[in-house]
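Chains as they are written, first to last, in our numbering: chain A, 1045 to 1156; chain B, 7 to 117.
Note that beta-carbon positions come from the ideal geometry of N, C-alpha and C, so glycine has one too.
Let me begin by presenting the structure, written as structure tokens, before commenting on it.
Structure follows, in structure tokens:
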């Protein structure tokens, strides 16, 4: 069975540009999570969805960040406009409802 | 604010010995606890979960939970060089909540 799929794997963009990260959760999982990892702050929860509904977005750093989950098999995380301090690895994870979460390979974002 | 604390290491252990990793958490309502392994440049991989006080064993791994002391640990028996990685401790309030992660302990198994 395929794991969590993320695209792109690497993204390099200039400050001020819009960035869209994509995630396909494991089939049958009804919870989806977006995390960001940096050396300074470690792994931080940004937002999560249950049954496609956003439950907690208190970790979203600013209004420049937005996330959607239009259906059970797809989610996006958008940054507009991007800034150099947004450079990080962004992970998507999914869960069958409770307890264990399974992570995708991540998107390494560099904003110059 | 929920916090999970880990010693960043590096923790160096000889091959074949027991590696002991520790973690404390601040939020008393936390119900579920997890250990993830992360190799450099890779994503976190779930290796153990524990929900009740006591020990839970899975192969060479044993997780220990003490809710009264707000303490979680991971023991790795017969350590192998392939166990060298960063180990992340995480907690959640239970249900389908997001995880709060520690910053990880860097473990080095010396051949």
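Which term fits residue i, buried or exposed, when burial requires 16 or more other beta carbons within 10 angstroms of its beta carbon?
i	result
residue 48 of chain B	exposed
residue 1055 of chain A	buried
residue 1151 of chain A	buried
residue 1082 of chain A	exposed
residue 1119 of chain A	buried
residue 97 of chain B	buried
residue 57 of chain B	exposed
residue 1092 of chain A	buried
residue 83 of chain B	exposed
residue 85 of chain B	buried
For chain A, check one thing: does any of its Cβ atoms lie closer than 7 Å to the Cβ of residue i?
i	result
residue 65 of chain B	no
residue 97 of chain B	no
residue 36 of chain B	no
residue 113 of chain B	no
residue 27 of chain B	no
residue 50 of chain B	yes
Hey, is residue i's beta-carbon within less than 7 Å of any beta-carbon in chain B?
i	result
residue 1077 of chain A	yes
Can you give me the start and stop residues for the beta strand (DSSP E) that residue i sits inside?
i	result
residue 1063 of chain A	1063 to 1068
residue 1122 of chain A	1118 to 1123
residue 1049 of chain A	1049 to 1051
residue 1056 of chain A	1054 to 1057
residue 7 of chain B	Taken as a continuous stretch (DSSP letters only), residue 7 of chain B belongs to no beta strand (DSSP E), as it is neither H nor E.
residue 62 of chain B	60 to 64
residue 93 of chain B	91 to 98
residue 1112 of chain A	1109 to 1115
residue 72 of chain B	67 to 72
residue 1152 of chain A	1151 to 1155
residue 1088 of chain A	1086 to 1094
residue 112 of chain B	111 to 116
Can you pull the chain B neighbours of residue i, defined as C-beta to C-beta under 7 Å?
i	result
residue 1101 of chain A	Neighbours of residue 1101 of chain A on chain B: none; closest Cβ ~10 Å, over 7 Å.
Which chain A residues are close to residue i, counting only those with a beta carbon under 7 Å from its beta carbon?
i	result
residue 107 of chain B	1086 and 1087
residue 94 of chain B	1087
Name the chain A residues whose beta carbon is nearer than 9 Å to that of residue i?
i	result
residue 55 of chain B	1143 and 1144
| request: Could you run through the segment 1121 to 1152 of chain A and flag, in chain order, every residue whose CB is less than 7 Å away from some CB of chain B? | output: Against chain B - using a Cβ distance shorter than 7 Å - the residues of the segment 1121 to 1152 of chain A are 1135, 1139, 1141, 1142, 1143, 1144, 1145, 1146, 1147, 1148, 1149 and 1150.
| query | Got a sec: which bits of the segment 1067 to 1098 of chain A sit with their beta carbon under 7 Å from any beta carbon on chain B, in order along the chain? | reply | Flagged, chain order: 1075, 1077, 1086, 1087, 1089, 1092 and 1094.
| message | To be precise: take each residue of the segment 59 to 90 of chain B, compare its Cβ to all Cβ atoms of chain A, and keep it if any distance is under 7 Å. Which residues remain? | response | For the segment 59 to 90 of chain B, there are no residues whose beta carbon sits under 7 Å from a beta carbon of chain A.
| field | Interface positions of the segment 12 to 25 of chain B facing chain A (Cβ-Cβ less than 7 Å), listed along the chain | value | Listed in sequence order: no entries.
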